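Counting in UniProt numbering, the sequence shown runs from 1 upward without gaps.
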Amino acid sequence: GLDFYGYIKLINFVRLKKPTAAYLSSVSSPLPWEGEEYLKPELEDDLLLQFDIEDLCEPANILPSNGLNDTMTLLEQLKHAEHRARLAEAALARAQDDLQKMRQFAQDFVMNTDVRSSSSSSAIADLHEDEDGVYFSSYGHYGIHEEMLKDKVRTESYRDFIYQNPHIFKDKVVLDVGCGTGILSMFAAKAGAKKVIGVDQSEIIYQAMDIIRLNKLENVITLVKGRIEEVDLPLEKVDVIIAEWMGYFLLFESMLDSVIYAKDKYLAQGGSVYPDICTISLVAVGDMNKHADKLLFWEDVYGFDMSCMKKAVIPEAVVEVLDPNTLISTTAVIK
Numbered sequence: 001g002l003d004f005y006g007y008i009k010l011i012n013f014v015r016l017k018k019p020t021a022a023y024l025s026s027v028s029s030p031l032p033w034e035g036e037e038y039l040k041p042e043l044e045d046d047l048l049l050q051f052d053i054e055d056l057c058e059p060a061n062i063l064p065s066n067g068l069n070d071t072m073t074l075l076e077q078l079k080h081a082e083h084r085a086r087l088a089e090a091a092l093a094r095a096q097d098d099l100q101k102m103r104q105f106a107q108d109f110v111m112n113t114d115v116r117s118s119s120s121s122s123a124i125a126d127l128h129e130d131e132d133g134v135y136f137s138s139y140g141h142y143g144i145h146e147e148m149l150k151d152k153v154r155t156e157s158y159r160d161f162i163y164q165n166p167h168i169f170k171d172k173v174v175l176d177v178g179c180g181t182g183i184l185s186m187f188a189a190k191a192g193a194k195k196v197i198g199v200d201q202s203e204i205i206y207q208a209m210d211i212i213r214l215n216k217l218e219n220v221i222t223l224v225k226g227r228i229e230e231v232d233l234p235l236e237k238v239d240v241i242i243a244e245w246m247g248y249f250l251l252f253e254s255m256l257d258s259v260i261y262a263k264d265k266y267l268a269q270g271g272s273v274y275p276d277i278c279t280i281s282l283v284a285v286g287d288m289n290k291h292a293d294k295l296l297f298w299e300d301v302y303g304f305d306m307s308c309m310k311k312a313v314i315p316e317a318v319v320e321v322l323d324p325n326t327l328i329s330t331t332a333v334i335k
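Rendered as structure tokens:
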């Protein structure tokens, strides 16, 4: 009968020689696939070679009288294995399609302003978990926070404003909306805030709690997990609200509505929200090194032409700090 190695030889024999069913039915001992050369896989990553034939084959009550009976039984098992392989491939295709739809949904949700009405507080409060879960989960990974923290122009601007205006924060109660790793909360605490409350829905807040303890600021800073529209804060009113609501091209952070909701509900009379002034500007840039790095790169990738990738690369914006020497126009404020 066919053992484990005999099964492998048979599969590779069929792949290589492509015999007809009539031929396989007529074979007799010695079997044509007994040669050692059939131990080498004919098809890379052959799914049929990944099955344990001993698990697939049920024990027989009657011992076969010759190798042919084994062959016919094995062919039936091969049909079953091929069917299972086709089902697995179909399931994988469906999973990949679902993943693509999920990615598209996430992109459409973040970019689509139609999901938010002019009444920001009610619109945001009415969003369900399945609608904004993708957005918050993206902020649960450290990578996006690392990117923001390494943006020195952005982060140092927040830091310098807070440190250089201690009269705004000293002995005040501060609310940090979307606190992330807690960097703004810690700036406010260092500037003399009496109490800082940081709120964030994403899982990063658990790392933020550790960060606060590591920097011995737990007596000043309290972190609350949840959406600002749903949480219960330990205080009814705050003196100052801070938030990194300014994202890519100003509004891509998609959290301005939440800041407005927090202002309407929690900000005390005479309180302040920061940042409170912003502009959107455009400027032309000419940087041949960046052009070569982002586009010409695809023309010769380890000796292969991948220039078709340019169509996918060109529409995507690049977020980075520019060399002032690459500016080729004056700045125009558009909003």
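All C-beta atoms, glycine included, are put in the ideal place defined by N, C-alpha and C. Quick caveat, the model's predicted, so the values are computed rather than measured.
Query, Result
"Quick check on residue 262: buried or exposed, where buried means 16 or more other Cβ atoms within 10 Å of its Cβ?", "buried"
"Quick check on the burial criterion: 16 or more other C-beta atoms within 10 angstroms. Buried or exposed for residue 264?", "exposed"
"Residue 197 lies in the beta strand (DSSP E); which residues open and close that run?", "195–200"
"How many Å lie between residue 218 and residue 197 at the Cα?", "11 Å"
"Residue 173 and residue 235 look like a contact to me (Cβ under 8 Å); what is the Cβ gap, rounded to whole Å?", "6 Å"
"Could you please give me the residues that DSSP links to residue 185 through a beta bridge?", "Residue 185 is not bridged to any residue."
"Just how far apart, CA to CA, sit residue 201 and residue 270?", "28 Å"
"How about residue 177 and residue 259: do their beta carbons lie closer than 8 Å?", "yes"
"Given 8 Å as the limit, is there contact between the region 84–101 and the region 20–33, that is, 3 or more CB pairs closer than that?", "no"
"Taking DSSP's pairing of strands, which residues face residue 304 in a bridge?", "301"
"Spatial neighbours of residue 97 within its chain, please: C-beta separation below 8 Å, excluding the five flanking residues on both sides.", "none"
"Quickly, what does DSSP pair residue 225 with across the bridge? List them, please.", "200"
"Within 10 Å of its beta-carbon, does residue 175 have 16 or more other beta-carbons around it, so buried, or fewer, so exposed?", "buried"
"Out of 274, 242, 327 and 335, point me to the one whose CA is closest to residue 280's CA.", "335"
"Could you tell me the distance, in whole angstroms, from the CA atom of residue 206 to the CA atom of residue 181?", "9 Å"
"For residue 242, which of helix, strand or coil comes out of DSSP?", "strand"
"Per DSSP, which one or two residues make a beta bridge with residue 176?", "198 and 242"
"Ignore the nearest five residues each way along the sequence and tell me which others in residue 41's own chain have a CB closer than 7 Å to its CB.", "12 and 49"
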